[in-house]
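In this text, residue positions in the sequence shown follow our numbering: the first is 100, and each later residue adds one. We put the CB at the ideal spot given by N, CA and C, even for glycine.
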Amino acid sequence: MNKTVASAAEAVADIGDGATLAVGGFGLCGVPAVLIDALVEQGTRNLHVASNNCGVGEMGLGKLLHAHRIARMTASYIGDNREFARQYLAGELEVELIPQGTLAERLRAAGVGIPAFYTPAGGGTLVETGGIPWRYDADGNVVAASPPRPTAEFTVDGVTRTYVLEQAFFADFALVRAIKGDRHGNLVFHRAARNFNPVTAMAGRVTIAEVEELVEVGALDPDEVHLPGVFVHRVLPLTPEQAADKPIEKRTLRS
């Protein structure tokens, strides 16, 4: 039951080329940066990653992106990540853009064993009919696009609408970050850093959590636990220096 590992390198050692990853975080908040750094050092490539976004600059998942280790990205947001946009438009990266709530539910559904679900998000748009560019070639031509989604009509509160069928995202590995964790893998997240981390952890066949503070089993009140250890397979305790390294995406100060 002791799920702790001695190093980040040990934690990610079996993540091979072509693996499918679900990665927690939002912007730079709650990002498993130490595990990502270990993947960069390991040299793993051709990854298919699902996460809200793909890091900021060369931070977070941006390190894997700049090293051209990601082959396909399933995300909700490109935003002002210039390298993400550049690789996508240059045909160097395949990108599946989906609504943010749909991404969260695809991860959660995998965690509870639901292979697919219907959602109203994207109904009547290219999400439903297909044709969203997934990959361009070097000349800007679309060479891969989203397929049409199956649909069905449901009546909710007397209103009949078209719902789109979405498949769960089952990941080979999930990487998350928590503020506290015990040796059994029970995790506590800190405020907004909770974000996508719980559903991300649920989606992984093997889930690896880096924790800022490792506590003994029994130290966490059961009502305090955000994610039970049944979903977590490895726990990496961070050093105080690693735990304190939390870059700010956009710092705004008064003049």
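Assuming residue i is part of the alpha helix (DSSP H), what are its boundary residues?
i: residue 161; result: 161 to 165
i: residue 181; result: 181 to 188
i: residue 108; result: 107 to 110
i: residue 157; result: First-last for residue 157: undefined, no H or E at that position.
i: residue 137; result: 132 to 141
Starting from residue i, trace the beta strand (DSSP E) in both directions and tell me its first and last residue.
i: residue 201; result: Here residue 201 belongs to no beta strand (DSSP E); instead the alpha helix (DSSP H) covers 199 to 210.
i: residue 120; result: 119 to 122
i: residue 173; result: 169 to 174
i: residue 191; result: Counting along the chain, residue 191 falls outside any beta strand (DSSP E), and DSSP gives it neither H nor E.
i: residue 104; result: No beta strand (DSSP E) contains residue 104, which DSSP labels as neither H nor E.
i: residue 127; result: Taken as a continuous stretch (DSSP letters only), residue 127 belongs to no beta strand (DSSP E), as it is neither H nor E.
Use the C-beta contact count for residue i: other C-beta atoms within 10 angstroms, 16 or more gives buried, fewer gives exposed.
i: residue 118; result: buried
i: residue 333; result: buried
i: residue 214; result: exposed
i: residue 357; result: What the structure shows of the chain is the stretch from 100 to 354, and residue 357 is not part of that stretch, so it cannot be assessed.
i: residue 297; result: buried
i: residue 354; result: exposed
i: residue 248; result: buried
i: residue 347; result: exposed
i: residue 115; result: exposed
i: residue 317; result: exposed
i: residue 122; result: buried
i: residue 152; result: buried
i: residue 291; result: exposed
i: residue 299; result: buried
i: residue 127; result: buried
i: residue 106; result: exposed
i: residue 270; result: buried
i: residue 237; result: exposed
i: residue 193; result: buried
i: residue 143; result: buried
i: residue 124; result: buried
i: residue 258; result: exposed
i: residue 239; result: exposed
Is the CB-CB distance between residue i and residue j below 9 Å?
i: residue 102; j: residue 282; result: yes
i: residue 148; j: residue 171; result: yes
i: residue 156; j: residue 182; result: yes
i: residue 294; j: residue 129; result: yes
i: residue 233; j: residue 204; result: no
i: residue 189; j: residue 344; result: no
i: residue 174; j: residue 202; result: yes
i: residue 263; j: residue 325; result: no
i: residue 261; j: residue 222; result: yes
i: residue 331; j: residue 307; result: yes
i: residue 335; j: residue 134; result: yes
i: residue 323; j: residue 342; result: no
i: residue 198; j: residue 166; result: no
i: residue 180; j: residue 154; result: yes
i: residue 140; j: residue 216; result: no
Kindly indicate if chain B contains any beta-carbon less than 9 Å away from that of residue i.
i: residue 100; result: The structure shown contains no chain B; it is built from a single protein chain.
Segment contact, 8 Å Cβ cut-off, at least three pairs: the stretch 299 to 309 with the stretch 245 to 262: These segments do not touch.
4-residue-minimum alpha helix (DSSP H) runs that sit fully inside the stretch 204 to 267, ordered along the chain: 225 to 228
Contiguous alpha helix (DSSP H) assignments of at least 4 residues, all confined to the stretch 281 to 346: 296 to 302, 339 to 343
Touching by the beta-carbon criterion (3+ pairs, under 8 Å), the stretch 240 to 247 and the stretch 201 to 220: Touching, no, given that fewer than three Cβ pairs across the two stretches are closer than 8 Å.
Stretch pair the stretch 103 to 110 + the stretch 159 to 171: three plus CB contacts closer than 8 Å: no
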